[in-house]
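Notes for the one structure printed next.
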Amino acid sequence: MRCLSVLLAAVLLDGAGTSAFAVKRKPHHARSTSVHAHTRSHQTGRTRARRAALEAKEEPASATIPEVSLKHAKMLLLPPLKGSRESLVRQNQRSEADGLERIEDDDQLSELRTQHALVAVPVSMSLRVNTELPANRRYCRPWTGRFLSDLARVHYARFHRPLQVNSAVRTVAYQRRLIEVNGNAAPADGDVASPHLTGAAIDIAKKGLSISEVAWMRAYLLPLQNAGKLDVEEEFYQSCFHITVYKSYAPPTQPKLTPHEHGNKSALIAAGVQ
Ligand SMILES: [Zn+2]
Numbered sequence: 533m534r535c536l537s538v539l540l541a542a543v544l545l546d547g548a549g550t551s552a553f554a555v556k557r558k559p560h561h562a563r564s565t566s567v568h569a570h571t572r573s574h575q576t577g578r579t580r581a582r583r584a585a586l587e588a589k590e591e592p593a594s595a596t597i598p599e600v601s602l603k604h605a606k607m608l609l610l611p612p613l614k615g616s617r618e619s620l621v622r623q624n625q626r627s628e629a630d631g632l633e634r635i636e637d638d639d640q641l642s643e644l645r646t647q648h649a650l651v652a653v654p655v656s657m658s659l660r661v662n663t664e665l666p667a668n669r670r671y672c673r674p675w676t677g678r679f680l681s682d683l684a685r686v687h688y689a690r691f692h693r694p695l696q697v698n699s700a701v702r703t704v705a706y707q708r709r710l711i712e713v714n715g716n717a718a719p720a721d722g723d724v725a726s727p728h729l730t731g732a733a734i735d736i737a738k739k740g741l742s743i744s745e746v747a748w749m750r751a752y753l754l755p756l757q758n759a760g761k762l763d764v765e766e767e768f769y770q771s772c773f774h775i776t777v778y779k780s781y782a783p784p785t786q787p788k789l790t791p792h793e794h795g796n797k798s799a800l801i802a803a804g805v806q
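Position in the sequence shown (from 1) plus 532 gives the number in the working numbering.
As structure tokens, then:
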């Protein structure tokens, strides 16, 4: 595990490694120029002036290489997965491309449950739901459910603690009421509407997670986001990982690309997090 961590750091910190190398070389470079300056002390003033001009040109080049210490580079590995307007627009567009409608009210929500277009949040020893979440909103899209199972399973294997879902599907009617009491709530319509309205998004509570667990979550989620399987926004007001999962995470027509494999690949990378 330690080796993997080192390997991961070596791969991801390639740029920082180059800088460290440059920093190491810098004293050597400085020493060699001073030797040159010493042995050629008999040079004419004109030669010295030309050499000084060359050295003056050379110095800023090495000075521009950022000196990233390993301590800071390690932190660069795990930045918060911040949301943005672009991300929210993308979450709406991707969910629309997945053929999802915004769920208007409890009646439509019930109908989608009956059709199995919405499935229960897969509660287990490794995944629990906030007890304040109403029973009919403990549902999500099937691929979001698969993602939750994968995430919770590998998180539990590593930390022996359950994750908690704070929010899952919402209706437009509920979101409108939410906006009245929470100024931070996303709109119920438009291009930046709350992705919870389709059932594809869930919020995982960050409160109670250790620094290691938060770092692990970022390392687990980032490759999946980069692969276009989901989008993550770390919300600080509600202190959660808001995650919108796309149908491509568990495409029904491609059984070989199982979410299990996605989960394992991400778990492998996240395993390198100390
Ligand atoms: Zn959310």
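C-beta: ideal position from N, C-alpha, C; glycine also. All values reported here derive from a predicted model rather than from experimental measurement.
Each of L762, A649 and P611 was checked against the Cα of H774, and the nearest Cα belongs to L762. From the listed residues P755, M657, W675 and Y781, the smallest Cα separation to A700 is found for W675.
The set of residues with any CB-heavy atom separation to ligand 1 below 5 Å comprises, in chain order, D735 and H774. Per DSSP, D721 is not a residue of any beta strand (DSSP E), being assigned neither H nor E.
Residue burial is scored here from C-beta neighbours: G722 has fewer than 16 other C-beta atoms within 10 angstroms and is therefore classed as exposed. Under the three-state reduction of DSSP output, S642 falls in the helix class.
Of all alpha-carbon atoms in Q647, A689 and H692, the one lying nearest the alpha-carbon of C672 is that of Q647. With respect to L710, I635 sits apart: the two C-beta atoms are not nearer than 8 Å.
Contact check for Y688 and S658: beta-carbon distance about 3 Å, within the 8 Å limit, so the pair qualifies. Here N662 is exposed. Its C-beta has fewer than 16 other C-beta atoms within 10 Å. Around the beta carbon of I734, 16 or more other beta carbons lie within 10 angstroms, which makes this residue buried.
Out of T776, F768 and E628, the CA that lies nearest to the CA of P612 is found in F768.
CA-to-CA, the gap between S771 and E745 works out to about 14 Å.
Straight-line measurement puts the Cα of G715 at about 32 Å from the Cα of S780. The DSSP-derived three-state label of Y778 is coil.
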